[in-house]
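Notes follow the structure.
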Amino acid sequence: MAQQIPKPFQDQLQISLSRLPTVVGSLLDEGYSENIVTDLIHIGRGQFSTDEMVSELEKRNRLKLLLPWLETRVKEGCTEPATHNALAKIYIDTNNNPEKFLRENKWYYSRLIGHYCEKRDPHLACVAYERGQCDRELIAVCNDNSLFKTQARYLVRRRDQDLWLEVLAESNPFKRQLIDQVVKTAIVETCDPEDISVTVKAFMSADLPNELIELLEKIMLENPAFSDHKNLKNLLILTAIKADRGRVLGYIERLDNYDGPDIAKIAISNDLYEEAFAIYKKFDDNTSAIKVRLSF
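Quick look at the structure:
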């Protein structure tokens, strides 16, 4: 091995193996065999900076030369982030089941690898950012690549009110596209009550009554896990009373298991007498129904 490496490079390595990344870069620039380089890396046994080695090889588009050494280190139990970052980059570039790696590996840096993926595969960038809860980065890459379904699913699972208020703000030019995917996809897929609760609360906090009606109606009609949820039904009818009166009577007739008498009083206070009458009639409160007919 030593005879195959020019003497100036041998001298550098004798002084310190920490200089190996520089030596490797120079050998590649001089056109020496990749076999010599990979043998040197294995001989170095990690007595050099992984980040520096990655940098030297990336400059020359030769990062894949590190793959055998990186995989050996992982098998030996290495948890150094730089090792796992480099492995992630190689798996991404070679399409070697990268999504599985990004979801399951504990040691790579999510923000760094997410950024690495953005121009290569935005979907993989989202996987890395979600794993590290890199909220702003994930939202930005979703907006830039129209990945609103991915963003909607992330927000529902993330359950962060402040983040919801940011994306539901009037200043967000992508708000409508996002809301469409929350309603059409993300809210229907979840079976977790906390996901539903936080999302509904976010729409209420953002003062989006019409969009809230869309959301609640979708939950009632297409998510069987919550189709008989009394509080959500109450909220749907009450929101319609305030924001879209034309829907109220339909909800009263179609829905069951809501707080009818209480909602009837609110309907009366909002001059919705026909709706109040329909509620009392549905709940077999004939005395109150007749009183509404006679009084209003």
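Converting from the sequence shown to this note's numbering requires adding 2 to each position, the first position being numbered 1.
The beta-carbon is built from N, C-alpha and C at its ideal position, and this holds for glycine as well.
For Q179, the enclosing alpha helix (DSSP H) starts and ends at K177 to Q183. In the structure shown, E106 falls within a helical segment according to DSSP collapsed to helix, strand and coil. DSSP, read as helix, strand or coil, puts H44 in helix. Under the three-state reduction of DSSP, S271 is assigned to helix. Exposed is the label assigned to S271, since fewer than 16 other Cβ atoms lie within 10 Å of its Cβ.
In the three-state scheme derived from DSSP, where H, G and I count as helix and E and B as strand, C136 is classed as coil. The residues T241, K244, A245 and D246, in chain order, have a CB closer than 8 Å to that of P211 in the same chain once the five nearest residues on each side in sequence are set aside. Between Y275 and V294, the C-beta spacing is below 8 Å. For R160, the enclosing alpha helix (DSSP H) covers residues F150 to R160. In the structure shown, N63 falls within a coil segment according to DSSP collapsed to helix, strand and coil. Around the CB of T192, 16 or more other CB atoms lie within 10 Å, so the residue is classed as buried.
Rounded to the nearest whole angstrom, the CA to CA distance from N98 to N107 is 14 Å.
In the DSSP assignment, H117 falls within the alpha helix (DSSP H) that extends over S112 to C119.
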